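With this note's numbering applied, the sequence shown has no gaps in its numbers, which climb one by one up to 829 at the end.
Note that beta-carbon positions come from the ideal geometry of N, C-alpha and C, so glycine has one too.
As the structure is a prediction and not an experimental result, all values here were calculated from the model.
A short write-up of the structure that comes next.
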Amino acid sequence: MLRIRPWPFKDEITSLHWIGNVKMKSTHQWYIDVAFKTKNKIQIIELPIGLLPTLRVGQYYQEGLPFTTQKEGTYGEAKVTNLQNGKVSNAIDICRKFNYFLFKEPTLMNQKIWSFQAEQITYHISHVELIRALFAKNKTLSNALVRPNGLDFMISKASTFGNNSVAIDFNHQLPSTVISSKFVQYFSWLYLNKEIKQSFASVQSNLYANATKTSSYLMLEVAIPPLRNINIAFRGLINQQDVLILELIGIDNMTIPVSQIEYSHPSIKRRLYTNAPKKHRLTQGNNKEDLHELNEKEQDRSKEETNQIVDEIDPIQLGFKDPIVIRAVKKFNQKVNQGDIYISNKGSGGGTKRGKVVGVDEPVYGGNIKPLEFQSLEIAKEISGYGLDGFIKMIKYLSKNNPQLSVALNIVYLPLGRKFSFLPDGRRRVCAIAKVSSFRKMSYIIEVAVPDDKSISTLVIPAKGGYQRDEGRIKELLLNLVFFGGSWSKSFMESIPHMKVRHLREVPSKWSRRMMKFID
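Have a look at this one:
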């Protein structure tokens with residue numbers, strides 16, 4: 310996990326309220342304005358644009374660390390005929406419909422919002438969030454967004470062969486820790502779809518076009534790609550027939566114009582065995598602590614490393630319509646010595662070492678900061694199929710028919726670490742967390758996705774009076790669930806107040822009335 314630095318809020322609970330303009334500093338690094346809200350005021354801090362994959366509007370933070378279970382807004386889904394059919398507005402004009410104040414800050418008010426209709430509902434999403442969700446899958450891609458020909462810079466060659474097949478040779482600009490079949494599938498969608506590639510490139514071209522007009526602000530704007538007949542999942546704010554999307558969680562029914570992809574990377578090598586002496590290097594053990602701090606000294610730059618530390622962050626799920634054959638090709642050689650072993654204490658080793666201070670800027674020759682990369686990709690055939698549809702309908706019915714309640718619904722990923730973290734089809738397992746507040750109390754309703762027919766009761770736990778304490782309890786609860794193979798930990802459950810609710814085959818209205826007995 311990455312701790313944001315600088316962090317001027319001490320130990321206050323803050324929420325990421327909105328994202329503003331970008332600018333290049335004297336060090337030739339791009340930074341982005343990020344507004345955090347504490348109580349009834351905001352403060353804007355400048356963060357490296359490489360951090361964009363992690364920046365989710367409405368997410369709560371403390372001491373520079375994000376809460377994973379505490380976010381503003383509620384979960385929803387929509388079927389979109391063509392994302393390109395819509396219009397652009399200024400953020401101030403849309404946000405005022407939701408009483409979402411931007412505190413008269415030009416860097417926030419002037420951001421562009423794309424509005425489109427689906428199923429008689431008007432959805433609004435900022436250009437920055439579209440860019441983050443579609444294109445900023447990791448630090449490398451985020452930095453490439455503001456570079457001319459950013460995608461071409463990552464490959465040495467791309468060529469077609471055979472029947473509807475393509476070969477892509479990646480180069481050292483892409484860290485080896487990023488390379489995987491799911492990244493190759495995603496990158497192929499970016500690179501091989503002409504309109505998608507043009508949309509990616511439009512971020513940089515719009516940026517420099519704005520730079521010729523004014524030096525006071527530079528907005529991230531994107532040419533909306535023609536994504537047709539897609540399903541989207543999101544977290545947002547609802548006001549009657551309007552929805553302000555704060556975070557795009559998933560998109561499916563996407564297409565790639567090839568059926569087979571072969572790819573290579575300098576880190577994918579053939580092993581050539583020799584009888585030369587084999588070195589055994591004595592190095593200090595890696596620090597297993599997963600907490601890193603963002604480098605805040607602009608003059609210090611990340612160093613070039615192909616094997617970078619990877620921070621697993623909540624992914625956005627992308628669903629592709631047709632299956633694709635993906636195959637790695639070994640075009641480079643690696644000598645493996647199998648002779649007598651000799652001891653050496655020189656060198657730092659080739660493995661990934663944990664470093665406390667890390668950078669998310671573009672690595673440069675002569676840099677001295679350990680680079681950090683993000684993993685935020687989840688590839689699936691569809692974004693639905695989790696078995697949570699009935700629960701979501703019940704929560705929506707509960708909210709609609711009980712105006713005295715304030716209801717927020719979020720979907721979170723279960724912690725990694727055990728088989729139960731994943732579904733049988735390979736997707737990360739999720740759970741729905743509904744936060745229900747009345748004038749008397751606040752409760753959390755937790756429903757785990759079990760499309761594989763595992764038996765797990767719905768859990769209701771009362772809030773403990775503070776986002777930090779609630780975050781800690783829910784995270785520990787879900788971690789124990791994973792390590793106990795899909796069962797609520799008896800010992801932990803005895804330490805917290807809770808109620809288990811049995812699953813019954815009920816319509817949403819009856820289920821919500823039964824749930825009211827536990828939360829009101």
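With respect to residue 670, residue 329 sits apart: the two C-beta atoms are not nearer than 8 Å. A check of alpha carbon separations from residue 580 across 739, 510 and 647 identifies 647 as the nearest. A straight-line Cα-Cα distance of about 13 Å links residue 775 and residue 753. DSSP, read as helix, strand or coil, puts residue 312 in strand.
A direct Cα-Cα distance of roughly 15 Å separates residue 640 from residue 468. Between the alpha carbons of residue 536 and residue 494 lies a gap of roughly 17 Å. Ranking 507, 612 and 511 by CA distance to the CA of residue 676 puts 612 first. The C-beta separation of residue 553 from residue 433 comes to about 5 Å, placing the pair in contact by the 8 Å criterion. The DSSP assignment places 776–792 and 799–802 as complete runs of the alpha helix (DSSP H) inside the stretch 735–815, in order along the chain (cut-off: 4 residues). Collapsing the DSSP output to three states places residue 665 in coil. In the assembly as shown, residue 377 is a buried residue. Its beta-carbon has 16 or more other beta-carbons within 10 Å.
Within the same chain, and ignoring the five residues on either side of residue 473 in sequence, the residues whose Cβ sits closer than 6 Å to its Cβ are 567 and 568. Per DSSP, residue 418 has no beta-bridge partner at all. In the displayed model, residue 459 falls within coil according to three-state DSSP, outside both helix and strand.
Between residue 790 and residue 769, the beta carbon gap of about 15 Å keeps them out of contact (Cβ cut-off 8 Å). Across the structure, residue 317 and residue 633 are spaced so that their CA atoms are roughly 47 Å apart. Residue pairing by DSSP places residue 563 opposite 629 in a beta bridge.
Per DSSP, residue 640 lies in no alpha helix (DSSP H) segment and is marked neither H nor E.
Non-local C-beta neighbours of residue 439 in its own chain, meaning closer than 8 Å and more than five positions away in sequence, comprise 423, 531, 533 and 557, ordered along the chain. DSSP places residue 342 inside the beta strand (DSSP E), whose first and last residues are 339–347. The residues 645 and 647, in chain order, have a CB closer than 7 Å to that of residue 582 in the same chain once the five nearest residues on each side in sequence are set aside. The beta carbon of residue 780 is closer than 6 Å to those of 376, 378 and 379 in its chain, skipping five residues each way along the sequence. Per DSSP, residue 821 is one residue of the alpha helix (DSSP H) stretching across 817–828.
The stretch 758–765 makes contact with the stretch 725–743; the number of CB pairs closer than 8 Å reaches 3 or more.
Ranked by Cα distance from residue 771, the first of 367, 352 and 828 is 828. When beta bridges are read from the DSSP output, residue 581 appears opposite 644. A straight-line Cα-Cα distance of about 9 Å links residue 792 and residue 724.
Between residue 616 and residue 489, the CB-CB gap reaches or exceeds 8 Å. Leaving aside the five residues that flank residue 492 on each side, the residues in its chain whose CB is nearer than 7 Å to its CB run, in chain order, 686. In the DSSP annotation of this structure, the continuous segment of the alpha helix (DSSP H) that includes residue 500 starts and ends at 490–501. About 5 Å separates the CB atoms of residue 477 and residue 572; that is less than 8 Å, so the two are in contact. If you draw a 10 Å sphere on the C-beta of residue 719, you find 16 or more other C-beta atoms in it, and that means buried. When DSSP reads this structure, residue 571 sits in a beta bridge with 476 and 636. Here residue 642 has 578, 579 and 581 as same chain residues with Cβ atoms under 7 Å from its own Cβ, once five neighbours each way along the sequence are excluded.
Residue 514 sits in a helix when the DSSP states are folded into three classes. The alpha carbon of residue 501 has as its nearest neighbour, out of 511, 460 and 366, the alpha carbon of 460.
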